[in-house]
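Numbering (the numbering used here), first residue to last: 20 to 159.
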């Protein structure tokens, strides 16, 4: 009879442990649901703040200006006039790599890409044209 009593105590202990684990799992699921709700709310607020910030920054970007008598103003950086001098001294289209060589820049990808971006900006403001992708010439 004692053996049966010991078995019953172990079974009750196992049942109590199992119930405790189930209760813990249910509690954790409830906490996870609450945290997911808080996360969704935080993400929505963050999205709103980001949109508001970007809109505010866009309002601060100055509009492109045209100088009197229809001549276009160059962006404020020393490379822009230097790029135009290279175009004035040559005939025909040039690539960003050609400009880098003429300006004694190291032919590193970052220098070539920066020069290409500046040349594209000169296209945007109407000083250069891009006949073929990556090939630039002065606007006639």
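Idealized CB from N, CA, C, for every residue including glycine. Please read these numbers as outputs of a predicted model, since none were measured by experiment.
Of the residues assessed, residue 146 falls on the buried side of the cut-off, its CB having 16 or more other CB atoms within 10 angstroms. The beta-bridge partner set that DSSP reports for residue 157 consists of 147. In the DSSP assignment, the residues bridged to residue 113 are 155. Taking a C-beta distance under 8 Å as the contact criterion, residue 113 and residue 105 qualify as a contact pair. The residues 93, in chain order, have a CB closer than 6 Å to that of residue 99 in the same chain once the five nearest residues on each side in sequence are set aside. Of the other Cβ atoms in all chains shown, 16 or more fall within 10 Å of the Cβ of residue 134; this residue is therefore buried. Taking C-beta atoms as the reference points, residue 126 and residue 116 count as a pair closer than 8 Å. In the structure shown, the three-state DSSP call for residue 94 is coil.
Per DSSP, reduced to three states, the secondary structure at residue 124 is coil, with no helix or strand assignment. Between the C-alpha atoms of residue 41 and residue 35 there is a straight-line separation of about 10 Å.
The beta-carbon distance between residue 142 and residue 155, rounded to whole angstroms, is 7 Å. This is short enough to meet the 8 Å contact definition. Look at residue 46 here: in three-state DSSP terms it is helix.
In this structure, the CA atom of residue 159 is about 17 Å from the CA atom of residue 140.
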